[in-house]
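Here's the structure we're looking at; comments come further down.
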Amino acid sequence: ERRRLQNDILQLNTYVALFTFTPQESEDLEMRSGVIEDRIGFFPAAFAHQVKAGDRVFRCHRTFIGCKEQGQITLKEGQICVSGEDEHSGFIRVASGKKRGYVPCDVLENI
251 ERRRLQNDIL QLNTYVALFT FTPQESEDLE MRSGVIEDRI GFFPAAFAHQ
301 VKAGDRVFRC HRTFIGCKEQ GQITLKEGQI CVSGEDEHSG FIRVASGKKR
351 GYVPCDVLEN I
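The sequence shown begins at 251 in this note's numbering and counts up one residue at a time.
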């Protein structure tokens, strides 16, 4: 029971970094604290996305220019995105930062 509770807590507090970030001034952005391996520090809240139970995390392996009118978004090569949805007709709805929309599954790789 204790292990299940720890896993539930971990799922509620797991984030994935969406971008590489080199801080310029700490006052510019809302910051969160975090731990990665043996390092503890702060990162901009806008540069992370909370991963919920059932979500999958992807990396875009080639740039895709989306068509806004069709509900698609543009993803650049190397960009990270998250989805809790299933694929439909070769597309999947993803979120990356504030952007949400459809991208073709063949530009994504699970990470």
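Glycine included, each C-beta is placed from N, C-alpha and C at the ideal position.
The beta strand (DSSP E) enclosing residue i, as first and last residue numbers
{"i": "R282", "result": "281-286"}
{"i": "E335", "result": "First-last for E335: undefined, no H or E at that position."}
{"i": "G328", "result": "First-last for G328: undefined, no H or E at that position."}
{"i": "A298", "result": "298-300"}
Proximity of residue i and residue j at Cβ, strictly below 8 angstroms
{"i": "Q322", "j": "G328", "result": "no"}
{"i": "V353", "j": "F297", "result": "no"}
Beta-ladder partner(s) of residue i, from DSSP
{"i": "I322", "result": "The identity of residue 322 in the sequence shown is Gln, whereas the question assumes Ile. According to DSSP, Q322 bridges with Y352."}
{"i": "H311", "result": "Bridge partners of H311: none, in fact."}
{"i": "I290", "result": "V285"}
{"i": "I342", "result": "V353"}
Through-space distance from residue j to residue i, alpha-carbon basis
{"i": "V286", "j": "S339", "result": "Reading the sequence as shown, one finds Ile at residue 286 and not Val. So the two alpha carbons sit approximately 37 angstroms from each other."}
{"i": "G304", "j": "G351", "result": "18 angstroms"}
{"i": "G334", "j": "G291", "result": "28 angstroms"}
{"i": "E319", "j": "L325", "result": "16 angstroms"}
{"i": "A345", "j": "C310", "result": "12 angstroms"}
{"i": "G347", "j": "M281", "result": "15 angstroms"}
{"i": "I330", "j": "E359", "result": "10 angstroms"}
{"i": "R289", "j": "K302", "result": "23 angstroms"}
{"i": "F341", "j": "Q300", "result": "22 angstroms"}
{"i": "A295", "j": "I361", "result": "21 angstroms"}
Nearest-angstrom beta carbon gap, residue j and residue i [assumed within contact, 8 angstroms]
{"i": "R312", "j": "V357", "result": "5 angstroms"}
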